[in-house]
Amino acid sequence: MEEKKVYLYLGILLFLDALLIFSLSNILSIETYKIETFGYMGFNEFTFRSIFLFLHFCNALLLFVFSKDFLKRPSDALFCTLLFLLLPGVNLDIIMFLKGQVIIFFPLLLCLLQQKNQKIPYWLLAIMAILDKSFSLVFLALIFYGISKKDTFLILSSLGFFALNMYLFGLNIGGYPRGYFIDTSAYLLFLFSPLVFLYFLYVLYRFINTQNKPLIWYISITTLCFILLLSLRQKVDIPSFTPLLIVSLPLMTKLYFCGLRVRLPQFRMRYKAPFIITFIVLLAFTFGLFFSKPLMLLRDTILFASQSYETPL
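Now the structure itself:
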């Protein structure tokens, strides 16, 4: 696929996504406490919506630019961006106006700058350290990444930023132990959709023995291990940490196309079949999220998003 066509398809894809989101945002209401909180900062409801939608499209563009250099072909980067726009967890953040878009933005920007310049932007780490507790896992990942690269300065600076982040926000680890492993695993299955999540686990495993592991692998594996281990004893703040897993999408795309292209064309159908099924499931999840209000007419019970609609049914 020519590069100009890729950019054209990317523009069409983002336009259709924007059209769908803006049409849906007209029938969604934002929780009162969020409006009051941002009202003190001078933001009205329209500005609040616009910021989240702008971050969503920035994340899509950042992912495309990163994937364009990370993957073999521009069309692969387009596929990775499409996968991002279809993920249920990403769309849920948009519908419910959660902070996941902010959490996705900074690690993507970090990985992009590191890939472009071949060095860590420490000024960005300083911003992340004072912004949100979720970035503590990024600093842990950078410590392991620094150990693999034998970069003492990166290890020490990441420890310092991690300590600063813990001092400002902390992690609520305590109380009576109670397992939430099944609940957490179910949410992760929903975040990616079941088949994509299983492939995500397979991708992380496949890259363990790779000699030069990319930074996105360290962020993904650190986040996943932290979430699953902590869920064995207490409830995890899912919206704060799971968005960090999104940076693994280029890894998944790379492994899929590498496995597909080493096969002769006549033997690729068996490899494409799981992808087609996964794509259909993703579309079904996305359809269910974006059109949950009309679906409420089909059943007597109230769906999870009912409180976000302006007009009660």
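Residue numbers for the sequence shown, in our numbering: 7 to 319. Even glycine gets a Cβ: it sits at the ideal position worked out from N, Cα and C. Since this is a predicted model, take the numbers as computed values, not measurements.
Query	Result
In its own chain, which residues sit with a C-beta less than 6 Å from the C-beta of residue 116, not counting the 5 before and 5 after it?	130
Measuring CB atoms only, is the stretch 260-277 touching the stretch 87-101, in the sense that at least three cross pairs come out at less than 8 Å?	no
Quick check on the burial criterion: 16 or more other C-beta atoms within 10 angstroms. Buried or exposed for residue 65?	buried
Give every residue of the same chain whose Cβ lies closer than 6 Å to the Cβ of residue 83, excluding the five residues on either side of it in the sequence, and list them in chain order.	70, 73, 74, 77
Taking the CB atoms as reference points, tell me whether residue 239 and residue 176 lie closer together than 9 Å.	no
Taking DSSP as the reference, what is the three-state secondary structure of residue 271?	helix
How big is the Cα-Cα spacing for residue 79 and residue 103?	33 Å
Does the distance from the CB of residue 190 to the CB of residue 244 come in under 9 Å?	yes
As an exercise, report each continuous alpha helix (DSSP H) stretch of at least 4 residues that is fully enclosed by the stretch 98-143, in chain order.	106-123, 128-135
In angstroms, rounded to a whole number, what distance separates the CA positions of residue 58 and residue 107?	7 Å
Grab the span of the alpha helix (DSSP H) containing residue 254 for me, first residue to last.	Here residue 254 belongs to no alpha helix (DSSP H), and DSSP marks it neither H nor E.
Comparing alpha-carbon positions, which option in 81, 24, 86 lies nearest residue 56?	24
What do you get for residue 173, buried or exposed, if any count of 16 or more other CB atoms within 10 angstroms of its CB means buried?	exposed
The alpha helix (DSSP H) that contains residue 205, what's its start and end?	200-212
Could you round the C-beta distance between residue 233 and residue 247 to whole angstroms and report it? I think they count as a contact, below 8 Å.	6 Å
Any idea if residue 171 is buried or exposed, counting beta-carbon neighbours within 10 angstroms, 16 or more meaning buried?	buried
How is the alpha helix (DSSP H) around residue 166 delimited, first residue to last?	158-174
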